[in-house]
Every structure is written in C-alpha cells, then in structure tokens.
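Position in the sequence shown counted from 1, then plus 29, gives you this note's numbering. These notes concern the structure reproduced below.
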Amino acid sequence: MSADLRVNGERLWQTLRTFATFGATPAGGVTRLALSAEDRQGRDTLCHWATEAGFHCEIDEIGNQFIRRPGRNPQLAAVMTGSHGDSQPLGGNYDGIYGVLAGLEVLRTLNERGIETERDLLLVNWTNEEGARFAPAMLASGVWTGVFSREYALARRDGDGISVDEALRAIGYRGTAAARAIPLHACFELHIEQGPILEETGIDVGIVRAAMGQRWFEITLTGFAAHAGTTPMDLRQDALCGFAEVALAVERIGRQFADDGRATVGMAQLTPNSRNVVPGRVFFTVEFRHPDANALDRMEAALHAALATLGERRLTVSAGKIFDYAPIAFDPGCVAHIEHAAGALGLTQRSMVSGAGHDACYLNRVAPTAMIFIPCEKGISHNEAENILPAWSTNGADLLLHTLLAAANE
Ligand code: HGY
Ligand code: MN
Ligand code: MN
Ligand code: MN
C-alpha cells in the first residue's frame, strides 16, 4: 500500500479533544476511572462514532468494547488493535485512549478510501486497564485471555465496596458476549511511551519488542491504636513507623536493582488516622517491575526480609501478592511489520522495552502481538500534565494504519 495513504490527523486530534472533556480536571488532565459516569460518556461516544461509520459494536460480559470492520474473508482470523479508555485518578489525556481513538481513525480512513482488507479488523476498548479503581490492572484483558476468571474479576471491589459487576450494570455495560479470546492473526497496541526516551533522542516512534514483568503486593501492618499523650514511646506498637521502615526498604530495593528495576509504594491508608492516636494499622501497596524474572524473585525476597524485621516493633504482618506476570517478549513477526511500515513511512525508529504494563502484555499470550510507542512530553504520564504533539499523534496513527494493513492482508 502506498506510503501516501495517511490518516486524517486533524480529525484524530479532535476526537482526543472530545475525550479530554470526559472527566476533565481543572489542571487539564482527566479523572475517568473505570466504569464511572465519565467512562460511560467515553464508551457511549465511541459506540456512536463506530456505528455512525457503519461498524458493528459489541460488548462482552466484562464490558470490553469490540468494534469490527469486516474484511473480505471473515473466516480468516482477525487482526486486533486497541487499548483502554479508563484513566488514573488524576491522569493524562492520552494514556490508553490515544490507542483506541487512533484505531478508530484508521478504520475511518480505510472506509473513506474504500480500502478492503482480507481479514477483519477488530478495535477494542479494554475495561479497567489501569487497576486504579479495581485492582489488579489489565483486569478485563486478563479475563479475555484467560489470566483471571470472569467470576474473580466481576467480584473485585473498589474502595467504596462496589463490585465490577455492579459498576458494569450501573452504566449499562454488562454485555452478553463471552469474555473469551477468539483466534487472532496478530495484535498491535499503539500507546504513548510514558517515558522520556523518544522525545529526548528525537526519534519518531518506538518499536516495543518486550515489556517488564510486574508484581503487586497488598500489605497490612497491625500494631495497637493508643493514646498519643499517655503511651510511653517504648510501649508503642506504632504501625506507621513500621510502614515507614518498609517504604524506605522498598525504595532501597528499587535502587539496588537499578537501572531496570522499579519499586513503588503507591498507596497507604492508616487507621484510625487521627492526630492524637498512635496508628494501629496501615494498609499499603508495593509493586516491583523488572525485565528479568530472576531479579523480580530477588526483589520479592528482599521485601519479605524487610517485613520480617517488624517483629521487633511487635507488629503483625499480612502480605499478599495480587498480581504477577513474567517479563514479556513480543512477537518478532509483528515487530517486523511495524519496523517495515515505519521505514516505508520515513519515520525514525528505535527498539524499546516497556516499563509500563499494557493490555498487549496479556494479548501476547493468545496471539502474535507487538506495540508501537509515540513520544510524550518529558515522559510525563499518570499525571495531569501528560502531553503529546499533534504531529506525534498523526505519526503513530499512520504507522498503525500501515502495520494493520500489512498484517490484515497476509
Ligand atoms: O501501571 C501500568 O504500567 C499501566 O499504566 N497500567
Ligand atoms: Mn495505558
Ligand atoms: Mn496507565
Ligand atoms: Mn505476519
């Protein structure tokens, strides 16, 4: 297909601006948590645009949205693209939704130019990729690819005790289609880099050949809530001080496994959280990432060693691992499609490993998969200041267009 074939970058940019109003925050980002009213606005809009363009829109039992553009040979396995429409609590306007809307722009462009493909093209908006409202992350693509059972996922609850099942029904997205993988020929996810490399090196696109493994832990330290004025220091069972020691130990573990290692304490809740009560309990999360599974094992062991020292503070520890996936190697054939298309489009490119998790990491279990990154300003993401340039957006969508065409016609 001629490299002159390009998407309508301005139209794509306008769809991104429209989605930026669904959960817009005063600081210019979005709060569009999975299965929230804002997420519903986005889902309804996506369905409307898709049906307006003549595509079939289907919802599965975990709320994943599938938009299908039929090919000439429907009996051939489809080619999939997509990402997620949910955001972090104070997230950016491009993480996830850029890949969904660029995919829609590709389908619209093919329609406008009357271009048929051999294989169906399937665009997906995955439910609850972020894991911000309902842990763990990539929950719904995890169900679709068999990582999690439907029952486990539907029963997951948010901080207010609302289950995924209840939230799906509340916004009318508890679909009927089975949330189970169908045969796919290939799968490509387009996403912002969420790191600084492409912008700093002035390279147009990243060809993602691998992704780091991740492990998520939920930990509760229990001491004893006591009067701040009458409890001598040596009689305290202060859960917050124990937490502080573990949090710094987690940071040390991350540094010990640098440059690739990542270690984060992202959430902490103390009880009773009152200024004149010695904290009796702290719930917190720990997550590790690394491209090497053996390193993840050693990071996990170091965490348990740090937790074991808390006996001296007479704290009891309950720790559970809620999420664990091994480092991912994406499909060389899919990587080659992206490299070839980028060359044909005259885009500069570099091979990359993703530090972020993506639905593609699970899709890679059921189909040949790879990812495309575009730059984002200063690598900022999971932050309201996340930003991309229209030219980057258009480059990524053009590359997705030509990559999907190659895979859908082989
Ligand atoms: O946490 C992640 O890596 C992804 O952005 N949900
Ligand atoms: Mn994302
Ligand atoms: Mn994210
Ligand atoms: Mn191929």
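Yeah, the Cβ is synthetic: ideal placement off N, Cα and C, and Gly gets one too.
Sequence ranges, beta strand (DSSP E) only - wholly within the region 342–423, length at least 3: 345–354, 378–383 and 398–403
According to DSSP, I221 sits in a beta bridge with which residue or residues? I403
For ligand 6, is there any heavy atom lying closer than 7 Å to the beta carbon of G175? Ligand 6 is absent from the structure shown, which contains only ligand 1, ligand 2, ligand 3 and ligand 4.
Do D115 and G128 count as a contact pair if the criterion is CB distance below 8 Å? It is not a contact, given that the beta carbons lie outside the stated cut-off.
So, helix, strand or coil for T300, using DSSP? strand
Per DSSP, what kind of secondary structure is L250 in: helix, strand or coil? strand
Any heavy atom of ligand 1 closer than 7 Å to the CB of A166? Within 7 Å of the C-beta of A166 there is at least one heavy atom belonging to ligand 1.
For L136, which option in G384, A196, F84 and T74 has the closest C-alpha, if you only look at C-alpha atoms? F84
Considering only C-alpha positions, which residue in the set N157, T60 and E218 is nearest to A131? E218
From the DSSP output, read off the bridge partner residues of R318. Q243 and R291
Grouping DSSP H, G and I as helix and E and B as strand, with all else coil, what is N323? helix
Any heavy atom of ligand 1 closer than 7 Å to the CB of E180? no
Three-way DSSP call (helix, strand, coil) for F48 in this model: helix
DSSP three-state assignment for Q70, whether helix, strand or coil: helix
Within 8 Å, strictly: CB atoms of G58 and E413: Between G58 and E413, the gap from beta carbon to beta carbon is short of 8 Å.
Would you mind listing the alpha helix (DSSP H) stretches within the region 129–165 that are 4+ residues and don't spill past its ends, in chain order? none
How should G242 be labelled, buried or exposed, when 16 other C-beta atoms within 10 angstroms of its C-beta is the threshold for buried? Taking all protein chains shown into account, G242 has 16 or more neighbouring C-beta atoms within 10 Å of its C-beta and is therefore buried.
Cβ neighbours of R98 in the same chain (closer than 6 Å, five flanking residues each side left out): F84, L136 and L150
Simplified DSSP assignment, three categories, for V193: helix
Comparing alpha-carbon positions, which option in I91, R142 and A49 lies nearest L34? Considering only alpha carbons, the answer is R142.
When you measure from the CB of A385 to every non-hydrogen atom of ligand 3, does any distance come out below 7 Å? yes
If you draw a straight line from the alpha carbon of G201 to that of V153, how long is it in whole angstroms? Roughly 17 Å between the two C-alpha positions.
Among residues of its own chain, excluding the 5 on either side of E228, which ones have a beta-carbon nearer than 6 Å to its beta-carbon? P404
Three-way DSSP call (helix, strand, coil) for L64 in this model: coil
What whole-angstrom Cβ distance do T300 and G309 have, given they're in contact under 8 Å? 6 Å
For E439, the first and last residue of its enclosing alpha helix (DSSP H): Note, E439: premise wrong, no alpha helix (DSSP H); not H, not E.
State whether the region 203–221 contacts the region 427–436, with contact taken as three or more CB pairs (one from each stretch) at a distance under 8 Å. yes
Could you give the C-beta distance for A164 and R185, rounded to a whole number, given that I count them as a contact under 8 Å? With 8 Å as the limit, A164 and R185 qualify as a contact, their Cβ atoms being about 7 Å apart.
Consider the C-beta atom of D124 and the heavy atoms of ligand 2; say whether any pair is separated by less than 7 Å. yes
Residues in its own chain within less than 6 Å of H371 by CB, not counting five upstream and five downstream? A quick correction: the sequence has Ala, not His, at residue 371. Once the five neighbours on either side are set aside, the close Cβ partners of A371 are V234, Q378 and L428.
Is G121 near ligand 1 - that is, is its Cβ less than 7 Å away from at least one heavy atom of it? no
From the DSSP output, read off the bridge partner residues of T110. L152 and F217
Could you round the C-beta distance between R238 and E134 to whole angstroms and report it? I think they count as a contact, below 8 Å. That pair is no contact at about 25 Å.
Quick check on the burial criterion: 16 or more other C-beta atoms within 10 angstroms. Buried or exposed for E280? exposed
Would you kindly work out how many angstroms separate the C-alpha atoms of F272 and V311, rounded to a whole number? CA-CA distance, F272 to V311, rounds to 7 Å.
Check whether the Cβ of E159 lies closer than 7 Å to any heavy atom of ligand 3, and answer yes or no. In this structure, the C-beta of E159 approaches ligand 3 to less than 7 Å from one of its heavy atoms.
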